[in-house]
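Only one structure is covered here, and it is reproduced in the block below.
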Amino acid sequence: MQNWLSKLILTPDYPITDDCPQRIASAVLLPVFKQNQQWRLIFIRRSHTLAHHKGQFAFPGGRFETEDNNLSVTALREAYEEIRLEQHQVKLIAKLPNQDAGKRFTMTPYVGLLQHKPQLYPNTAEVTEIFHLPLDPFLQPRHYLRLKTSDGQNKRVIDFIEVNNRVIWGATAAVLYQLACRLTGLNLSSSR
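Residue numbers (UniProt numbering): 1 to 192.
So, in structure tokens, the structure goes:
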């Protein structure tokens, strides 16, 4: 997908909806940079000692705090706290639709453009690994596996995608699927 960047910038942001106010607001940053003519996306592996989403592949991010002016500030603050990504290195270019993450959190994803591959350092209390993967496979909806599940009361779809022997799933994969749908013009609701 050659023109993903211009297509993303030219597409209006999705509005933030508050259809479930008892959920905890959070935000994540999808940091993107170009290396050797290839766009790459930065991920983290969450620590196994955390209370939520232990050991999962994710984007840097976390819960909204009262000193944050808005959720984009949350995403940038958390990226600095978790991987030492300096805010001045990030140009926010898009906001994606809110995504439920587990039973308690609603996260707002932001795409952030970096001028080059940054020097990053994990906060070892929260992050066990920082890695980057090529962006292109994530931008193709056909690469996703979509598993429909039910706990007897609620039905939901869990997204999965494997890139370079890394299985990304759950809310992180759902955010990536939203990005792919936005860039390909696929109607997200009809694809569920």
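Backbone N, C-alpha and C define an ideal beta-carbon position, used for all residues, glycine too.
Asked	Found
Distance CB(Pro109)-CB(Val175) smaller than 8 Å	yes
Three-state secondary structure assigned by DSSP to Arg104	coil
Other residues of its chain near Ser47: CB distance less than 8 Å, five sequence neighbours each side excluded	Lys54, Gly55, Thr124, Ala125, Glu126, Val127, Thr128
Residue from Ala171, Arg166, Asp100, Leu30 with nearest C-alpha to Ile83	Leu30
Alpha helix (DSSP H) segments (min. 4 residues) lying fully within the stretch 27-84	71-83
Inter-residue spacing [alpha-carbon to alpha-carbon] between Phe57 and Phe43	7 Å
DSSP-derived helix/strand/coil call for residue 193	The chain is shown from 1 up to 192; residue 193 falls before or after that span and cannot be answered.
Distance, Ser72 Cα to Pro137 Cα	26 Å
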